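Protein chains in written order, with our numbering: chain R, -17 to 210; chain C, -17 to 210.
No residue lacks a Cβ here, since even glycine has one placed at the ideal position from N, Cα and C.
Values in this document were obtained by computation on a predicted structure and should not be read as measured data.
Taking it in order: structure first as C-alpha cells, then the write-up.
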DNA sequence: AATTTGTATTGATTTATATCAATCATTAGG
DNA sequence: CCTAATGATTGATATAAATCAATACAAATT
C-alpha cells in the first residue's frame, strides 16, 4: 500500500513534515513502525508514558478523556491524515488522553526521540507544532462554550454537523460510533441523545436508520447548534 | 519600582526568559512598554489583532471568552508573574479571548515581533513555549470534565479551592471578583452561585463576608469538588 | 439627606435533563 | 435453532439548576 520513501510523501496533513531535511526524514523513517489496529483496540491509554507520535494512515479512532463515575468525554474523532502529539511531551511525558480504534486502522508510530530531535533542530517544524497546538486550544475554547452554554439539542446538532462536515465529509454517512459514543461527544446521557435524535428525525431534519445518518436540513441543524 | 535591566531579572514565572541571550534580551527590552491599567479596563479584546505579549508585573486580571447570549466563561484568573501568549500567534494573529483588569495592574507589553524572533532563533525558548501550551491544554481538559460531569456544588467548590490555592495563596482571601465573575468561573448562574455559597456557609465549610472568603474545611471542599 | 445605580440576595416557578426500569433488536455462541 | 449478551429504545419519575420577579444593600451622585 504505502512505501517508506519518506514522511514528506505521507498522507498526513501536517505542514511540518515538508520542513524536514534529508537527515531528519531519515531519522523519522528509521524510528517509524507501521502498526495495524482492530476495531475496539486501545492505541493510547491515558496515564501511560508517551513513547510515540501517532500518524493515522487509514481508519477512524476516538480521542477521549476519563471523566467522573466512569464516564468519558470524547474530545474528537480522528481520521486518515491526522497526527497525534500528546500534550505530555516536554512536560510530564505522560499521555493525558486515551485513543481507541473505531474501525480497523493503519497507523505509523514515530518515536518521541526522533520527534523531539526534529523539534529541537528545525525551527520551522517547531513553529508548525506550536501552530497545531494553538488550533487545539481554540477548539477547546469552543468546546467549553458548547458544553456550558448550549442545551442538549444544540450540542447534539453540533455533533451531527461535526461528524458530517469534519469527519465523514458527506451529508449522508455511516458511523461506527455507538449511541454512547455520540452521547460522550455531546456531553449528554445516552437516553437523552436517543430522544433528541428521534425528535430531529420526526421533524424531518435528519433521517436515521441504525448507524446510517443523513442530514436533510443542514441549515436547521446549524441554527439549532448556533442558538444553543 | 522595577528597572529595565532585562527580562531575565523580571518577576515573570517563565523559564523561557532564562534561555535568551544578550541580543534577544535587548530586543525584548527595546520593544517593551510598561503600561498601568485601572480596575475594569480591557487589556485584550477578543477578535482584535494580537500585537503584544503581556507580562503581569502586579495585580489581577480575568481571562475570558464570549459565550452565548452575552454570557462569558472565565478561563482563569491572571496574577503577578503570569505571561499571556494568545493562541492566535502563528495562526490567524487574532486574540481568541479577552483580558480585563480586576485590580490596578502593572504590565509589560512585548511586541509580537520580538517574541516571534526569539521563538524562531532560540529553540530552548521555543520548547518552553510549547511546554506552556501543553500545560494550557491539559488544564482545559480538566475544565471540560469539571463543566460536563460535575454538578454546581462540585464546580463551585473547585472554584473556591482554585482561588485559594492558585491565586491568593491563602485560606482566607479578599477577592475583587464579583459574584457574577465567580459564577462565570464555575459555569453556573449568579443566583445559583449565591445559594450554594450560602449553603457552604451555613454548613460551616466556609465563612463569607462580602468579598472576604475564608475556607474552614478544605478537606470537605476537596471532597465535594472531587466527587462532583 | 434624598435619589439613583449597580450589585447582591431571596423566594417561587419552570424547564431541562439525568436516572431508573422495562422492553425490544441484533448479534454471537453453544 | 435457542439462548445469552450487548446495545438501542421507550416511558415514568426525580432532580438539578435556570429563570423570573421582587427586594435589600451599598456606593455614588445630586
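Test: residue 117 of chain R CB closer than 9 Å to a CB of chain C: For the purposes of this step, residue 117 of chain R is taken as residue 135 along the first chain, with counting starting at 1. It does: the Cβ of residue 117 of chain R has a partner Cβ on chain C nearer than 9 Å.
Distance, residue 125 of chain C Cα to residue 3 of chain R Cα: As a working mapping, residue 3 of chain R is identified with position 21 in the first chain. As a working mapping, residue 125 of chain C is identified with position 143 in the second chain. Straight-line Cα distance between these residues: approximately 39 Å.
Residue 102 of chain C at chain R interface by Cβ criterion, 9 Å: Here residue 102 of chain C refers to the residue found at position 120 of the second chain. Closer than 9 Å: yes.
Opening and closing residue of the alpha helix (DSSP H) in which residue 121 of chain C lies: Working through the second chain from its first residue, we reach residue 121 of chain C at position 139. Taken as a continuous stretch (DSSP letters only), the alpha helix (DSSP H) holding residue 121 of chain C covers 105 to 131.
Proximity test, Cβ basis, 9 Å: residue 95 of chain R and chain C: The residue you call residue 95 of chain R lines up with position 113 of the first chain. Not flagged as an interface residue toward chain C: residue 95 of chain R, since no C-beta distance is shorter than 9 Å.
CB contact below 9 Å: residue 113 of chain C versus chain R: Here residue 113 of chain C refers to the residue found at position 131 when the second chain is read from its first residue. Using a Cβ-Cβ cut-off of 9 Å, residue 113 of chain C counts as an interface residue toward chain R, since at least one Cβ of chain R sits closer than that to its own.
Test: residue 78 of chain C CB closer than 9 Å to a CB of chain R: Residue numbering aside, residue 78 of chain C sits at position 96 when the second chain is read from its first letter. By this cut-off, residue 78 of chain C is an interface position.
Coarse secondary structure for residue 212 of chain C, derived from DSSP in three states: Here chain C covers residues -17 to 210 and nothing more, so residue 212 of chain C does not appear.
Residue range of the beta strand (DSSP E) that includes residue 46 of chain C: The residue labelled residue 46 of chain C in the question sits at position 64 within the second chain. Taken as a continuous stretch (DSSP letters only), the beta strand (DSSP E) holding residue 46 of chain C covers 43 to 48.
Neighbour flag for residue 125 of chain C against chain R, beta carbons, 9 Å: Residue numbering aside, residue 125 of chain C sits at position 143 when the second chain is read from its first letter. Residue 125 of chain C counts as touching chain R.
Host beta strand (DSSP E) of residue 196 of chain C (start-end): Numbered from its first residue, the second chain carries residue 196 of chain C at position 214. Taken as a continuous stretch (DSSP letters only), the beta strand (DSSP E) holding residue 196 of chain C covers 194 to 197.
Within-9 Å CB hit, residue 120 of chain C to chain R: As a position in the second chain, residue 120 of chain C is number 138, starting the count at 1. Answer yes: the Cβ-Cβ gap between residue 120 of chain C and chain R drops below 9 Å somewhere.
Simplified DSSP state of residue 59 of chain R, which is helix, strand or coil: In the first chain, counting from the first residue as 1, residue 59 of chain R sits at position 77. Three-state DSSP puts residue 59 of chain R in a strand.
Burial state of residue -2 of chain R, where buried means 16 or more other Cβ atoms lie within 10 Å: Taking the first chain and counting its residues from 1, the one referred to as residue -2 of chain R is at position 16. Its Cβ being crowded by 16 or more others within 10 Å, residue -2 of chain R is buried.
Own chain, CB closer than 6 Å to residue 24 of chain R, minus 5 neighbours either side, in chain order: Here residue 24 of chain R refers to the residue found at position 42 of the first chain. Excluding residues within five positions, the ones whose Cβ falls inside 6 Å are 82.
Backbone CA spacing between residue 97 of chain R and residue 107 of chain R [nearest angstrom]: For the purposes of this step, residue 97 of chain R is identified with residue 115 of the first chain, where counting begins at 1. For the purposes of this step, residue 107 of chain R is identified with residue 125 of the first chain, where counting begins at 1. Rounded to whole angstroms, residue 97 of chain R to residue 107 of chain R spans 10 Å at the Cα level.
Residue-level contact to chain C via CB, residue -16 of chain R, 9 Å cutoff: In the first chain, the residue the question calls residue -16 of chain R occupies position 2. For residue -16 of chain R, the predicted structure reports a pLDDT of 40, less than 50, and the residue's modelled location is therefore unreliable. The matter cannot be settled from this model.
Interfacial residues, the segment -4 to 10 of chain R to chain C, with Cβ spacing under 8 Å: none
Residue 45 of chain C versus residue 201 of chain R: straight-line alpha-carbon distance, rounded: The sequence position of residue 45 of chain C within the second chain is 63, counting from 1. The sequence position of residue 201 of chain R within the first chain is 219, counting from 1. The straight-line gap from Cα to Cα measures roughly 33 Å.
Through-space distance from residue 115 of chain R to residue 34 of chain C, alpha-carbon basis: Locating residue 34 of chain C in the second chain gives position 52, counting from the first residue. Locating residue 115 of chain R in the first chain gives position 133, counting from the first residue. When rounded, the distance between both Cα atoms is 19 Å.
Contact the segment 191 to 206 of chain C vs the segment 127 to 142 of chain C: 3+ CB pairs below 8 Å: yes
Residue 40 of chain C beta carbon near the ligand PLP (any heavy atom closer than 8 Å): Summarising the ligand content, the structure contains no ligands, and the ligand PLP is consequently not present.
Rounded separation between residue 175 of chain R and residue 162 of chain R - CA only: Counting from one through the first chain, the residue named residue 175 of chain R turns up at place 193. Counting from one through the first chain, the residue named residue 162 of chain R turns up at place 180. Per the coordinates, the alpha-carbon of residue 175 of chain R lies some 8 Å from the alpha-carbon of residue 162 of chain R.
Beta carbon of residue 64 of chain C nearer than 9 Å to that of residue 47 of chain C: The count along the second chain starts at 1 and reaches residue 64 of chain C at position 82. The count along the second chain starts at 1 and reaches residue 47 of chain C at position 65. No. Outside cutoff.
Residue 88 of chain R in three-state terms, based on DSSP: Taking the first residue of the first chain as 1, we reach residue 88 of chain R at position 106. In the structure shown, residue 88 of chain R sits in a strand (DSSP, three-state: E or B).
Neighbour list for residue 129 of chain R in chain C, Cβ cutoff strictly below 7 Å: Residue 129 of chain R sits at position 147 when you count from the first residue of the first chain. The contacting residues are 126, 129, 130.
Host alpha helix (DSSP H) of residue 19 of chain C (start-end): Start at 1 with the first residue of the second chain, and residue 19 of chain C comes out as number 37. Run containing residue 19 of chain C: none in the alpha helix (DSSP H); it sits in the beta strand (DSSP E), 15 to 19.
Where the segment 19 to 32 of chain C meets chain R: residues whose CB sits under 9 Å from a CB there: none
Counted within 10 angstroms of its Cβ, other Cβ atoms place residue 192 of chain C as buried (16 or more) or exposed: Locating residue 192 of chain C in the second chain gives position 210, where the first residue counts as 1. Exposed, by the Cβ-count rule.
Test: residue 203 of chain C CB closer than 9 Å to a CB of chain R: If you number the second chain from 1, residue 203 of chain C lands on position 221. With 9 Å as the cut-off, residue 203 of chain C does not count as an interface residue toward chain R.
Residue range of the unbroken beta strand (DSSP E) whose run includes residue 135 of chain R: Indexing the first chain from 1 puts residue 135 of chain R at position 153. No beta strand (DSSP E) holds residue 135 of chain R; the alpha helix (DSSP H) holding it covers 134 to 144.
Proximal residues, the segment 36 to 59 of chain C versus chain R, C-beta separation under 9 Å: So the list reads 47, 48, 49, 50, 51, 53, 55, 57, given in the order they occur along the chain.
Endpoints, alpha helix (DSSP H) assigned at residue 182 of chain R: Taking the first residue of the first chain as position 1, residue 182 of chain R is located at position 200. Element bounds for residue 182 of chain R: 172 to 184.
Residue-level contact to chain R via CB, residue 197 of chain C, 9 Å cutoff: Position 215 of the second chain holds residue 197 of chain C. With respect to chain R, the C-beta atom of residue 197 of chain C has no partner C-beta closer than 9 Å.
Nearest candidate by alpha-carbon position, reference residue 84 of chain C, set C/8, C/156, C/10: Working through the second chain from its first residue, we reach residue 84 of chain C at position 102. Per the Cα distances, C/156.
For residue 57 of chain R and residue 171 of chain R, the rounded distance between their alpha carbons: The sequence position of residue 171 of chain R within the first chain is 189, counting from 1. The sequence position of residue 57 of chain R within the first chain is 75, counting from 1. Going by C-alpha positions, residue 171 of chain R is about 16 Å away from residue 57 of chain R.
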